[in-house]
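All remarks here apply to the structure that follows.
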Amino acid sequence: MYHLSEGIPQASRAIGNIRNHLAADPTAKIVVVTHGLGIDFLIDGATNQLDQPFAGGVSDLANKGVEFRVCNNTLVSRKISPDKLVMEAKVVPSGVAEVAKLQAKEGFVYLRP
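Read left to right, the sequence shown gives residues 21 to 133 (the numbering used here).
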């Protein structure tokens, strides 16, 4: 489980890390949990530091089984409609609670790029 809360630079690193992770272990079950500024790359039209869109990379990873989860508390506090997210994003009640659940109840390893 990759935990993202720091914005675009962290998301760029995470996308690269996840690609490398899947290259080494194509059967890995990967979930990306986002909250705070970490959701920004999953907003439709988001671009990286080189002005390249994230949507293609997110779609490619989702097609390989990677799940992207977005904190509803963040959406509410930042007044962002879930409709503004890329279609691969799934809204969960709380990003922090999702991280805890994946670690404690589902046995995921915690990774923070």
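Even glycine gets a Cβ: it sits at the ideal position worked out from N, Cα and C.
All values derive from a computational prediction rather than experimental measurement.
Going by beta-carbon coordinates alone, are Val111 and Val96 separated by less than 8 Å?
Mapped onto the sequence shown, residue 111 falls at position 91. Mapped onto the sequence shown, residue 96 falls at position 76. Taking 8 Å as the Cβ cut-off, Val111 and Val96 do not qualify as a contacting pair.
With 16 other Cβ atoms within 10 Å as the buried cut-off, status of Ala109
Sequence index remark: in the sequence shown, residue 109 carries index 89 (1-based). Buried: at least 16 other Cβ atoms inside 10 Å.
If I'm right that Val51 touches Leu122 with Cβ under 8 Å, what's the distance once you round it to whole angstroms?
Here the question's residue 51 lines up with position 31 in the sequence shown. Here the question's residue 122 lines up with position 102 in the sequence shown. Contact flag correct, Cβ pair sits at about 6 Å.
In DSSP terms, what Lys110 is bridged to:
For this step, residue 110 is matched to residue 90 along the sequence shown. In the DSSP output, where bridge partners are listed per residue, Lys110 has Arg89.
Asp60: buried (16+ other C-beta within 10 angstroms of its C-beta) or exposed?
Counting from 1 along the sequence shown, the entry for residue 60 is found at position 40. Buried, since its Cβ has 16 or more Cβ neighbours within 10 Å.
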